[in-house]
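Residue numbers (the numbering used here): 29 to 213. The C-beta atom is built at its ideal place from N, Cα and C for all residues, glycine as well. Remember, predicted model here, so these are calculated numbers, not experimental data. Below is one structure, written out as C-alpha coordinates; the observations come after it.
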Amino acid sequence: MNNVEIRRPKIDDKGELHQFFRKVISDTFANEGLMDEVNEIENEIQNKIKYLNMDFESNGAKSYFLLALVNEQVIGTIEYGLASDLINEGINGALKELVEIGTVFVLPTYQRQGIGNLLLNVMYITLLNKGIKEFYLDSGYTNAQKIWKKKFGKPDYFLKDFWGEGYDHMIWRKKIENMPILFKI
(Lines of atoms letter the chains of each structure in order from A and count residues from 1; the text may use other names and numbers.)
(Lines give C-alpha, C1' and ligand atoms only; values in the text may rest on other atoms or scores of the structure.)
Protein backbone atom coordinates (compact mmCIF):
# COMPACT_ATOMS: atom_id res chain seq x y z
CA MET A 1 0.00 0.00 0.00
CA ASN A 2 1.50 3.30 -1.06
CA ASN A 3 1.44 6.58 0.84
CA VAL A 4 0.68 5.10 4.26
CA GLU A 5 2.05 7.18 7.11
CA ILE A 6 2.72 5.48 10.46
CA ARG A 7 3.02 7.81 13.44
CA ARG A 8 2.14 8.36 17.06
CA PRO A 9 -1.22 9.98 17.84
CA LYS A 10 -1.55 13.68 18.52
CA ILE A 11 -4.12 15.30 20.81
CA ASP A 12 -5.76 16.74 17.68
CA ASP A 13 -6.45 13.14 16.52
CA LYS A 14 -8.64 12.36 19.55
CA GLY A 15 -12.04 13.12 17.99
CA GLU A 16 -11.23 11.26 14.79
CA LEU A 17 -9.95 8.28 16.79
CA HIS A 18 -13.15 8.15 18.85
CA GLN A 19 -15.15 7.98 15.60
CA PHE A 20 -12.68 5.45 14.17
CA PHE A 21 -13.11 3.14 17.20
CA ARG A 22 -16.91 3.44 16.98
CA LYS A 23 -16.92 2.57 13.26
CA VAL A 24 -14.46 -0.34 13.42
CA ILE A 25 -15.85 -1.88 16.61
CA SER A 26 -19.45 -1.61 15.38
CA ASP A 27 -18.40 -3.24 12.09
CA THR A 28 -16.54 -5.98 13.97
CA PHE A 29 -19.56 -6.78 16.14
CA ALA A 30 -21.81 -6.79 13.05
CA ASN A 31 -19.48 -9.26 11.30
CA GLU A 32 -19.55 -11.44 14.41
CA GLY A 33 -23.37 -11.41 14.43
CA LEU A 34 -23.41 -9.46 17.70
CA MET A 35 -25.07 -6.16 16.77
CA ASP A 36 -27.65 -6.73 19.52
CA GLU A 37 -24.88 -6.48 22.13
CA VAL A 38 -25.21 -2.68 22.37
CA ASN A 39 -23.73 -2.48 25.89
CA GLU A 40 -20.74 -4.63 24.93
CA ILE A 41 -20.08 -2.50 21.84
CA GLU A 42 -20.13 0.67 23.94
CA ASN A 43 -17.92 -0.94 26.61
CA GLU A 44 -15.38 -1.92 23.96
CA ILE A 45 -15.36 1.60 22.48
CA GLN A 46 -14.94 3.18 25.91
CA ASN A 47 -12.15 0.73 26.74
CA LYS A 48 -10.19 1.77 23.63
CA ILE A 49 -10.75 5.45 24.46
CA LYS A 50 -9.43 4.73 27.96
CA TYR A 51 -6.25 3.19 26.48
CA LEU A 52 -5.84 6.18 24.17
CA ASN A 53 -6.20 8.57 27.11
CA MET A 54 -3.64 6.52 29.05
CA ASP A 55 -1.25 6.98 26.13
CA PHE A 56 -1.68 10.76 26.19
CA GLU A 57 -1.52 11.01 29.99
CA SER A 58 1.60 8.82 30.33
CA ASN A 59 3.29 9.92 27.09
CA GLY A 60 3.25 6.32 25.92
CA ALA A 61 4.53 4.73 29.13
CA LYS A 62 1.32 2.86 30.08
CA SER A 63 -0.24 2.53 26.65
CA TYR A 64 1.51 3.23 23.34
CA PHE A 65 -0.42 3.76 20.12
CA LEU A 66 0.65 3.87 16.51
CA LEU A 67 -1.65 5.09 13.77
CA ALA A 68 -1.77 4.32 10.06
CA LEU A 69 -2.95 7.24 7.95
CA VAL A 70 -3.69 7.82 4.28
CA ASN A 71 -4.16 11.43 3.19
CA GLU A 72 -4.19 12.42 6.89
CA GLN A 73 -7.16 10.09 7.59
CA VAL A 74 -6.75 7.44 10.30
CA ILE A 75 -7.21 4.05 8.65
CA GLY A 76 -5.61 1.80 11.27
CA THR A 77 -4.37 1.51 14.84
CA ILE A 78 -2.22 -0.73 16.98
CA GLU A 79 -1.33 -0.37 20.64
CA TYR A 80 0.74 -2.05 23.30
CA GLY A 81 0.39 -1.80 27.03
CA LEU A 82 0.54 -3.67 30.28
CA ALA A 83 -1.17 -7.02 30.61
CA SER A 84 -4.90 -6.54 31.08
CA ASP A 85 -6.83 -7.66 34.17
CA LEU A 86 -9.01 -9.78 31.88
CA ILE A 87 -6.01 -11.81 30.77
CA ASN A 88 -4.32 -11.90 34.17
CA GLU A 89 -7.48 -13.30 35.75
CA GLY A 90 -8.30 -15.65 32.86
CA ILE A 91 -4.92 -17.43 32.94
CA ASN A 92 -3.88 -16.83 36.56
CA GLY A 93 -1.31 -14.12 35.81
CA ALA A 94 0.82 -16.30 33.52
CA LEU A 95 1.57 -13.33 31.21
CA LYS A 96 1.59 -10.46 33.71
CA GLU A 97 5.24 -9.65 32.99
CA LEU A 98 4.63 -9.23 29.24
CA VAL A 99 3.17 -6.39 27.22
CA GLU A 100 -0.02 -6.92 25.29
CA ILE A 101 -0.34 -5.91 21.65
CA GLY A 102 -3.92 -4.91 20.98
CA THR A 103 -6.27 -2.45 19.34
CA VAL A 104 -5.20 -3.80 15.96
CA PHE A 105 -7.97 -2.21 13.92
CA VAL A 106 -8.20 -1.30 10.24
CA LEU A 107 -11.10 0.51 8.58
CA PRO A 108 -13.21 -2.01 6.64
CA THR A 109 -12.44 -0.35 3.27
CA TYR A 110 -8.69 -0.79 3.90
CA GLN A 111 -8.74 -4.35 5.24
CA ARG A 112 -6.84 -7.09 3.40
CA GLN A 113 -4.40 -4.57 1.94
CA GLY A 114 -1.47 -5.16 4.32
CA ILE A 115 -2.20 -2.27 6.73
CA GLY A 116 -2.46 -4.57 9.76
CA ASN A 117 0.78 -6.31 8.80
CA LEU A 118 2.53 -2.98 8.35
CA LEU A 119 1.35 -1.78 11.77
CA LEU A 120 2.40 -5.07 13.36
CA ASN A 121 5.85 -4.89 11.79
CA VAL A 122 6.40 -1.30 12.94
CA MET A 123 5.24 -2.34 16.41
CA TYR A 124 7.81 -5.18 16.46
CA ILE A 125 10.54 -2.68 15.66
CA THR A 126 9.20 -0.24 18.27
CA LEU A 127 9.19 -2.93 20.96
CA LEU A 128 12.70 -4.12 20.06
CA ASN A 129 13.96 -0.53 20.22
CA LYS A 130 12.52 -0.33 23.75
CA GLY A 131 14.24 -3.58 24.75
CA ILE A 132 11.01 -5.61 24.73
CA LYS A 133 11.53 -9.01 23.15
CA GLU A 134 8.30 -10.84 23.93
CA PHE A 135 4.60 -9.98 23.88
CA TYR A 136 1.19 -11.55 23.84
CA LEU A 137 -1.85 -10.89 21.70
CA ASP A 138 -5.37 -12.04 22.44
CA SER A 139 -8.69 -12.09 20.65
CA GLY A 140 -12.27 -12.98 21.38
CA TYR A 141 -13.50 -12.16 17.86
CA THR A 142 -13.91 -15.30 15.74
CA ASN A 143 -13.02 -13.55 12.47
CA ALA A 144 -9.87 -12.01 13.96
CA GLN A 145 -8.93 -15.36 15.51
CA LYS A 146 -8.79 -16.87 12.01
CA ILE A 147 -6.27 -14.20 10.99
CA TRP A 148 -4.16 -14.61 14.13
CA LYS A 149 -4.16 -18.42 13.84
CA LYS A 150 -2.93 -18.11 10.26
CA LYS A 151 -0.24 -15.64 11.32
CA PHE A 152 0.78 -17.09 14.72
CA GLY A 153 -0.41 -20.70 14.64
CA LYS A 154 -2.20 -22.46 17.45
CA PRO A 155 -2.94 -20.20 20.45
CA ASP A 156 -0.92 -20.76 23.62
CA TYR A 157 -4.02 -20.31 25.77
CA PHE A 158 -7.57 -21.23 24.84
CA LEU A 159 -10.45 -20.10 27.05
CA LYS A 160 -13.46 -22.10 25.85
CA ASP A 161 -16.84 -20.33 25.86
CA PHE A 162 -15.22 -17.37 27.63
CA TRP A 163 -17.68 -14.89 26.07
CA GLY A 164 -20.62 -17.30 26.02
CA GLU A 165 -21.34 -20.57 24.31
CA GLY A 166 -19.34 -20.82 21.09
CA TYR A 167 -17.38 -17.62 21.77
CA ASP A 168 -13.90 -18.60 22.88
CA HIS A 169 -10.96 -16.39 23.77
CA MET A 170 -7.49 -17.12 22.38
CA ILE A 171 -4.09 -15.86 23.50
CA TRP A 172 -0.77 -16.10 21.67
CA ARG A 173 2.58 -15.59 23.43
CA LYS A 174 5.33 -14.67 20.99
CA LYS A 175 9.00 -13.73 20.89
CA ILE A 176 9.67 -10.98 18.38
CA GLU A 177 12.85 -12.65 17.15
CA ASN A 178 10.67 -15.53 15.90
CA MET A 179 8.33 -13.27 13.93
CA PRO A 180 8.73 -13.12 10.17
CA ILE A 181 9.73 -9.83 8.62
CA LEU A 182 6.54 -8.75 6.96
CA PHE A 183 7.86 -5.67 5.20
CA LYS A 184 11.34 -4.24 4.79
CA ILE A 185 11.49 -0.81 6.42
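Short of 8 Å from the beta carbon of Lys90, and not among the five residues preceding or following it, lie these beta carbons of its own chain, in chain order: Met82, Asp83, Gly109, Leu110. Residue range 143-157 is occupied by the alpha helix (DSSP H) that includes Gly144. As DSSP reads the structure, Ile106 sits in a beta bridge with Leu94.
Counting every other CB atom within 10 Å of its CB across the protein chains shown gives Ile153 a total below 16, marking it as exposed.
By the neighbour-count definition (other C-beta atoms within 10 Å, threshold 16), Asp41 is a buried residue. Under the three-state reduction of DSSP, Ser167 is assigned to strand. Where Glu44 is concerned, there is no enclosing beta strand (DSSP E), although the alpha helix (DSSP H) around it starts and stops at 42-59. Under the criterion of beta carbons closer than 8 Å, Leu126 and Tyr164 qualify as touching, at roughly 5 Å. Annotation: the continuous beta strand (DSSP E) that includes Leu187 extends over 185-187.
For Asp184 and Gly130, the gap between their C-alpha atoms comes out near 16 Å. Taking the CA atoms as reference points, Arg36 sits about 11 Å from Leu147. The three-state reading of DSSP puts Lys178 in helix, counting H, G and I together.
Taking the C-beta atoms as reference points, Val32 is found nearer than 8 Å to Val98. In the DSSP annotation of this structure, Ile160 is not part of any beta strand (DSSP E), being labelled neither H nor E. Boundaries of the beta strand (DSSP E) harbouring Glu128: 127-134, taken from the DSSP string.
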